[in-house]
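Notes to accompany the following structure.
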Amino acid sequence: MVAPAVLIIAGLRLYPLALGVNFSFTGDGDRNGQNVGLDNYAALFDDPLFRESMGNVGLLVLLLPVAVAVPGALATFVYLRVPGHRVYRSVYFFPAVLSPVIIGAIFNLLLAFDGPANTVLGTVGLGPVDWLGDPDVAMFAVVGVHIWATFGMGLVVFLAGFATLDTSLIDAARVDGASLPLVVRHVIVPGLARTIQFVVVTTMIGMLTSMFGLLYVMTGGGPEGSTYLPEYYIWFQQGQMSRPALASAASTVLFAVMLVVGMLQLAILRRSGRED
Numbered sequence: 036m037v038a039p040a041v042l043i044i045a046g047l048r049l050y051p052l053a054l055g056v057n058f059s060f061t062g063d064g065d066r067n068g069q070n071v072g073l074d075n076y077a078a079l080f081d082d083p084l085f086r087e088s089m090g091n092v093g094l095l096v097l098l099l100p101v102a103v104a105v106p107g108a109l110a111t112f113v114y115l116r117v118p119g120h121r122v123y124r125s126v127y128f129f130p131a132v133l134s135p136v137i138i139g140a141i142f143n144l145l146l147a148f149d150g151p152a153n154t155v156l157g158t159v160g161l162g163p164v165d166w167l168g169d170p171d172v173a174m175f176a177v178v179g180v181h182i183w184a185t186f187g188m189g190l191v192v193f194l195a196g197f198a199t200l201d202t203s204l205i206d207a208a209r210v211d212g213a214s215l216p217l218v219v220r221h222v223i224v225p226g227l228a229r230t231i232q233f234v235v236v237t238t239m240i241g242m243l244t245s246m247f248g249l250l251y252v253m254t255g256g257g258p259e260g261s262t263y264l265p266e267y268y269i270w271f272q273q274g275q276m277s278r279p280a281l282a283s284a285a286s287t288v289l290f291a292v293m294l295v296v297g298m299l300q301l302a303i304l305r306r307s308g309r310e311d
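In our numbering, the protein residues as written are 36 to 311.
Dropping the structure here:
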């Protein structure tokens, strides 16, 4: 019964992955096709751009709770049927159907130095912010746009999880006088443990592998390489520098990072679920 799925995964996922890993041990340029051992990996970690991209992966991990909490909180409001919840459901999902190129172009205008965002800040007495030109701010701006553009999918998953909740437990908690924060903490969160696990892992994977369009349109990896992520670095080495073997090594490192981060997240969530 599972053989067709196994064959598809093996043929379209595992086999190309193995080829990519093997290719990462070969050379580029004059050493094209030659076995170079770990030279590509040594070159990766000597490259400041790659180290910057890996540092930004750590930033994504730190911002992950925000990326999960936003759709979770909004799904809770929709589930509790706040006024206009049907309209909100459609409005919240709308950004998920837009192209990253369109979203990036829109926010380039909104976050321009003389754009609407800084105009609003000026009306409240705050100075303008160079959202996309300041190395200390640009990555936060791009991640914020990505969260806005993609939380609609997480919202849908959370709403599907809410459909499996036992409403009698929520009613009982309310009868006992539990406040909304207590209901969320002791009833809703434990009841959605598996849904939260799924959203955490898929959101992290999306942040690591689906931000290329925004980065390309909004910052081009700048300023000063501060918005590089591994996927953008892979494209740069493959498409701009013609170093496919080095790009394969970076892809292998990215896969390993995603695997480790995903396993750690699942372990932490399962442990917290058992404690609850």
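Heads up, the beta-carbon is just placed ideally off N, CA and C, and yes, glycines get one too.
(1) Looking only at its own chain, which residues have a Cβ that is under 7 Å from the Cβ of L301, when we skip the five neighbours before and after it?
(2) Nearest by alpha-carbon distance to G248: which of R124, S134, R121 is it?
(3) Express the C-alpha separation of G119 and S261 in angstroms, rounding to a whole number.
(4) For a quick check, are the C-beta atoms of L98 and V178 less than 8 Å apart?
(5) Determine contact between the stretch 123 to 133 and the stretch 203 to 210, defined as no fewer than three beta-carbon pairs at a distance below 8 Å.
(6) Out of T238, V234, D201, state which residue places its alpha-carbon closest to the alpha-carbon of H221.
(7) If you compare alpha carbons, which of V191, V218, V192, F193 is closest to S203?
(8) What are the boundary residues of the alpha helix (DSSP H) that includes E259?
(9) What residue range is occupied by the uninterrupted alpha helix (DSSP H) comprising H181?
(10) Taking its Cβ as the centre, do 16 or more other Cβ atoms sit within 10 Å of Q314, making it buried, or is it exposed?
(11) Taking Cβ to Cβ, would you say W166 is nearer than 8 Å to V159?
(12) Taking the beta carbon of V109 as the centre, do at least 16 other beta carbons fall within 10 Å, making it buried, or is it exposed?
(13) In angstroms, rounded to a whole number, what distance separates the CA positions of A228 and G212?
(14) What is the DSSP secondary structure of T61, counted as helix, strand or coil?
(15) Report yes if the C-beta distance between S59 and T244 is below 8 Å; otherwise report no.
(16) Do the CB positions of F271 and G257 come within less than 8 Å of each other?
(17) Do you know offhand how far L84's Cα is from Y263's?
(18) Which same chain residues, not among the five before or five after T185, have their C-beta less than 7 Å away from its C-beta?
(19) Determine contact between the stretch 48 to 66 and the stretch 281 to 295, defined as no fewer than three beta-carbon pairs at a distance below 8 Å.
(20) On the DSSP bridge assignment, give the partners of N67 in chain order.
(21) Whose C-beta lies closer than 7 Å to the C-beta of L94 among residues of the same chain, with five residues either side of it excluded?
(22) Please work out which residues of its chain come closer than 7 Å, Cβ to Cβ, to V105, disregarding the five sequence neighbours upstream and downstream, and give them in chain order.
(23) If you reduce the DSSP assignment to three classes, tell me which class S283 lands in.
(24) Could you tell me which uninterrupted alpha helix (DSSP H) segments, each at least 4 residues in length, are contained entirely in the stretch 82 to 156, listed from first to last along the chain?
Straight from the coordinates:
(1) So the qualifying residues of the chain are Q232, V236.
(2) Of the candidates R124, S134, R121, the one whose C-alpha sits nearest the C-alpha of G248 is S134.
(3) Near 40 Å, if we compare the C-alpha coordinates of G119 and S261.
(4) yes
(5) no
(6) Checked all of T238, V234, D201; the closest Cα to H221 is D201.
(7) V218
(8) In the DSSP assignment, E259 falls outside any alpha helix (DSSP H), carrying neither H nor E.
(9) 173 to 197
(10) Lying outside 36 to 311, the shown extent of the chain, residue 314 is not represented and no answer is given.
(11) no
(12) The sequence as given places Leu at residue 109; Val does not occur at that position. L109 is buried by the Cβ-count criterion.
(13) 24 Å
(14) strand
(15) no
(16) G257 sits away from F271, with the two beta carbons spaced by 8 Å or more.
(17) Cα to Cα, the separation comes out at about 7 Å.
(18) A131, G241
(19) Touching, yes.
(20) In DSSP, N67 forms a bridge with G62.
(21) M174
(22) I182, F186
(23) Looking at S283 - three-state DSSP - the assignment turns out to be helix.
(24) As far as the stretch 82 to 156 is concerned, its whole alpha helix (DSSP H) runs of at least 4 residues are 83 to 114, 120 to 128, 135 to 145.
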